[in-house]
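Here's the structure, in structure tokens; my notes come after.
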């Protein structure tokens with residue numbers, strides 16, 4: 001029994017006239033009559049009493065009409081339910097104020113209306129934001145990190161500065177070099193953190209200092225202990241802190257990454273839209 005045949009039956013049952021039902025279905029009457037007769041043969045029951053006075057539902061037809069309407073209503077809801085079941089998970093480090101991310105979200109919504117997008121915000125101990133663990137479909141993050149098994153696409157490169165307390169003796173300098181910070185304590189990530197990632201945020205040297213996991217913990221370590229933190233220029237720290245550009249540290253690369261061999265079209269769409277959304281520099285950049 002096909003859904004199409006049930007739709008034919010419902011049309012005839014509601015119109016109680018084969019001719020009007022055929023017009024409603026935008027088809028000719030003979031194939032409609034043949035489809036109803038075939039349905040009656042399949043069910044082994046007469047669905048309509050046909051007479052010169054017109055067409056009327058039999059008791060079997062009344063039962064089928066109720067069941068058919070329920071089945072067709074459920075069938076009509078299937079596409080929406082399937083679309084609702086499809087989710088796309090993006091891992092992010094927490095640059096929620098980045099206008100690039102805002103533009104990307106707007107563009108992705110327009111291109112994929114109805115898609116449920118889930119955001120997993122990772123802490124600073126996992127630069128792939130759960131990608132390797134299979135927790136996300138794609139990551140919007142910062143390099144460098146171990147790229148084994150991943151495809152990494154650069155979106156933008158941001159100069160980096162040292163986060164210092166406003167009353168720090170170096171805070172009034174217009175720029176710094178890593179050597180200026182050699183005798184300071186720097187924040188550390190937990191021992192199992194990607195070593196490439198850890199080395200970058202420690203200025204390429206082994207450092208000593210408190211262990212942190214999040215941006216807020218980094219900022220608080222600077223505020224309370226005078227620990228040196230690093231931040232891409234363009235981020236605005238609390239008023240008690242300031243960011244001084246570091247001249248000899250490579251830029252922090254904003255990237256999107258996904259597992260090699262990934263064929264999900266939602267990932268490819270994300271990468272294409274991100275490439276456009278992240279063009280240009282952060283507003284009020286590096287001033």
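Numbering (my numbering), first residue to last: 1 to 287. All residues carry an ideal CB built from backbone N, CA and C; glycine is no exception.
Neighbour-count burial assignment, residue i, 16 or more Cβ in a 10 Å radius
| i | result |
| --- | --- |
| residue 30 | exposed |
| residue 114 | exposed |
| residue 286 | The pLDDT assigned to residue 286 is 40, lower than 50, so where the model puts this residue is not dependable, and the model offers no usable value. |
| residue 98 | buried |
| residue 224 | exposed |
| residue 86 | exposed |
| residue 283 | Residue placement at residue 283 is poorly supported in this model, since its pLDDT is 44, which falls under 50; the coordinates still yield a value, given next. Residue 283 is exposed by the Cβ-count criterion. |
| residue 16 | exposed |
| residue 8 | buried |
| residue 100 | buried |
DSSP bridge partner residues for residue i (one or two, in chain order)
| i | result |
| --- | --- |
| residue 188 | 211 |
| residue 257 | 139, 152 |
| residue 245 | 161 |
| residue 116 | 87 |
| residue 92 | 121, 140 |
| residue 206 | Answer is none; residue 206 lacks a bridge partner. |
| residue 55 | 50 |
| residue 65 | In DSSP, residue 65 forms no bridge with anything. |
| residue 176 | 246 |
| residue 252 | 158 |
Among the options, the one whose alpha carbon lies nearest that of residue i
| i | options | result |
| --- | --- | --- |
| residue 195 | 251, 87, 137, 125 | 125 |
| residue 5 | 172, 25, 258, 144 | 25 |
| residue 254 | 112, 93, 240, 230 | 93 |
| residue 221 | 251, 249, 186, 193 | 186 |
| residue 61 | 14, 73, 53, 72 | 14 |
| residue 190 | 203, 212, 171 | 212 |
| residue 142 | 197, 102, 178, 109 | 197 |
| residue 274 | 238, 173, 153, 236 | 153 |
| residue 122 | 261, 215, 192 | 215 |
| residue 235 | 219, 248, 250, 249 | 219 |
Endpoints, beta strand (DSSP E) assigned at residue i
| i | result |
| --- | --- |
| residue 122 | First-last for residue 122: undefined, no H or E at that position. |
| residue 231 | 229–232 |
Boundaries (first-last residue) of the alpha helix (DSSP H) holding residue i
| i | result |
| --- | --- |
| residue 267 | 265–277 |
| residue 44 | Segment: none, residue 44 is in no alpha helix (DSSP H) and carries neither H nor E. |
| residue 3 | 3–15 |
| residue 198 | 195–201 |
| residue 25 | 18–25 |
| residue 102 | 99–111 |
Beta-carbon spacing of residue i, residue j below 8 Å
| i | j | result |
| --- | --- | --- |
| residue 161 | residue 246 | yes |
| residue 104 | residue 120 | no |
| residue 28 | residue 35 | no |
| residue 267 | residue 183 | no |
| residue 163 | residue 230 | yes |
| residue 166 | residue 227 | no |
| residue 10 | residue 65 | yes |
| residue 178 | residue 209 | no |
| residue 176 | residue 244 | yes |
| residue 259 | residue 140 | no |
| residue 117 | residue 145 | no |
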